[in-house]
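Data block below; observations after.
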Amino acid sequence: MYSSLPQTVRLDSKKIKKIREERGLTQLYVATVVGVTIDTISRWENKRYPSVKRENAEKLAQTLEVDVEEILEKLPQEDTDENGEALEQQEQDSSRTAQSFPNNQHKKRVAFFVTAIAAFFAMAGMMAGYLVFRPSSLSLDIDALRCLPAHSAPGALFPVLIKIDIDPKAKRTVLIKEDIPRILKILKAVPKYTSLEKGLLKWIYQGETSNLRFVYVANMPSSIKENKRLRFKGTVTIKTDQTVSVGIGGNNRIVSAPFHWADKNMDNRIDDEEILDAYELLSGTSGMNKLLKEVETLWAADMYQWDQKIRKYVPVKNN
Amino acid sequence: MSNCIVWTLWSFLLTLLVLVSPGLAEVTGTIEQKDPKTLCLDIKITKPAPSTAIITMDVPTDVTVNKSEPNYSRVSKEKGQIQWLLKDIKPGTTKIVVSFDKDIDLQKLRVIIRYKDASGNTIESEIKKK
């Protein structure tokens with residue numbers, strides 16, 4: 083009979099209420115006959131949820147003794163749920179359902195954040211797991227750098243720092259070979275070198291440290307001619323479950339010149355920037371106090387000069 | 069749901085950036101006038117501390133330092149400059165107390181802290197006056 087109606091229809095709530103009251107029917111009666119709760123009838127009449135299942139609309143029409151078309155809203159349906167079942171289920175529920183609409187949104191938001199947080203922790207966990215349990219056979223990332231002053235006076239001492247950064251952390255054996263000009267005399271090395279033969283300085287290190295520092299102090303021969311260039315060359319070989327060898331980068335030559343090694347711009351002054359650089363280079367390395375004290379003395383003085391006779395840098399008062 | 073995924077990814081990336089970025093050393097300070105001739109500097113050093121820092125105080129050329137605790141490292145009467153070289157510094161607070169032969173106006177002073185951060189960049193900041 084009403085098969086032309088869609089699965090879900092929209093009720094004319096005012097008309098339902100009017101017809102029910104004209105017939106002298108109570109909401110309880112209508113609800114009982116239709117098979118829904120009083121709250122549902124109340125909602126239908128207050129237009130809260132006007133979309134209902136076709137069968138319910140038919141039952142309601144029969145109960146009110148009118149043609150179903152009479153209680154349907156005349157406007158075209160827009161917000162009708164295709165399924166209809168879900169809406170109907172909502173209608174069948176108690177009035178709590180209607181009041182819980184804002185709650186549903188709140189629940190959705192909570193679910194959104196809970197999902198987001200859970201996903202975040204899952205990703206963080208995966209990343210942490212990767213960092214902790216990643217296989218040690220990953221390729222080694224080695225960075226070896228030589229910090230060698232650009233110049234030093236003939237007969238003066240100068241420091242050389244070899245910095246090695248290795249990733250990842252693992253027990254390893256590190257062999258450092260530093261090929262230095264044979265005319266240089268090595269006065270000190272921290273840590274102490276393993277061997278020094280024919281200008282080849284070697285250290286062997288075993289451990290897990292990622293950041294290694296090897297410092298040595300060399301003496302520029304006093305007999306060397308001014309502007310003579312001396313070249314350095316070195317390699318770092320690391321053995322874990324594989325063997326990797328890299329060259330030592332950074333500065334690889336020093337020139338004999340009558341300027342202090344810390345005086346980078348060769349203006350016969352150690353300025354604030356230069357003393358900070360010198361301390362950054364050597365602080366934390368034991369046995370370098372004498373070199374640093376010399377830098378500090380020259381910094382505190384206005385200027386300095388290299389005295390070739392006594393082979394020392396002499397502070398000069400600028401007047 | 070797609071918003072949820074985008075939000076999660078952004079949060080994750082930002083957190084990773086915060087976690088992997090190296091901590092930056094910071095040396096800050098305040099200067100206070102204890103009496104007309106005495107100044108007190110509080111130098112605050114955060115972790116990771118730089119190995120060395122230089123405190124430079126520009127003062128009028130007609131004043132002379134009577135006493136400094138710790139002793140200054142360098143003074144130039146011509147330039148009107150006093151410098152302290154702080155070595156082997158550790159995180160925490162370092163105090164410098166300096167007194168002059170004459171009254172000194174704190175507002176006319178300029179005190180600079182200079183140090184190298186972990187990346188080797190020179191950081192220069194002015195000490196705040198209390």
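The listed protein sequences derive, respectively, from chains A and B. This note's numbering numbers the first residue of the first sequence as 83 and each following residue consecutively. This note's numbering numbers the first residue of the second sequence as 69 and each following residue consecutively. Glycine residues also receive a C-beta, built at the ideal position from the N, C-alpha and C atoms. Computed from a predicted structure; not experimentally measured.
| Query | Result |
| --- | --- |
| For Y140(B), the residue or residues it bridges with in DSSP | BP columns for Y140(B) are empty, so no partner. |
| Helix, strand or coil at W75(B) [DSSP, three-state] | helix |
| Same chain only: Cβ atoms within 7 Å of R311(A), ignoring 5 sequence neighbours per side | R335 and V337 |
| Closest by C-alpha distance to I244(A), when choosing among V118(A), A204(A), P88(A) and V297(A) | V297(A) |
| Interface residues of chain A facing I150(B) [CB-CB closer than 9 Å] | Simply none; closest approach about 12 Å. |
| Near-chain B residues of the segment 235 to 263 of chain A (beta-carbon distance less than 8 Å), N- to C-terminal order | none |
| 6 Å CB neighbourhood of R182(B) in its chain, flanking five on each side removed | I122 and E192 |
| Boundaries (first-last residue) of the alpha helix (DSSP H) holding S95(A) | S95 to R105 |
| First and last residue of the uninterrupted alpha helix (DSSP H) at W126(A) | I120 to N128 |
| is_contact[W78(B), chain A] using C-beta, thresh 8 Å | no |
| CB contact flag (V131(B), K170(B), <8 Å) | yes |
| Sufficient close CB pairs (3 or more, under 8 Å) joining the segment 103 to 116 of chain B to the segment 339 to 351 of chain A | no |
| Straight-line gap, I286(A) to I258(A) (C-alpha atoms, nearest Å) | 6 Å |
| Bounding residues of the beta strand (DSSP E) (the contiguous stretch that carries T458(A)) | An answer regarding residue 458(A) cannot be provided, because it is not within the stretch 83 to 401 covered by chain A. |
| Every unbroken alpha helix (DSSP H) inside the segment 327 to 384 of chain A [4 residues or more] | 354 to 364 and 371 to 382 |
| Terminal residues of the beta strand (DSSP E) in which A226(A) lies | D223 to C229 |
| Residue burial classification, K391(A) (beta-carbon count within 10 angstroms, cutoff 16) | exposed |
| Contacting residues, own chain, Cβ-Cβ under 6 Å from T402(A) (five flanking each side not counted) | The structure shown does not extend to residue 402(A), since chain A spans only 83 to 401, so no value can be given for it. |
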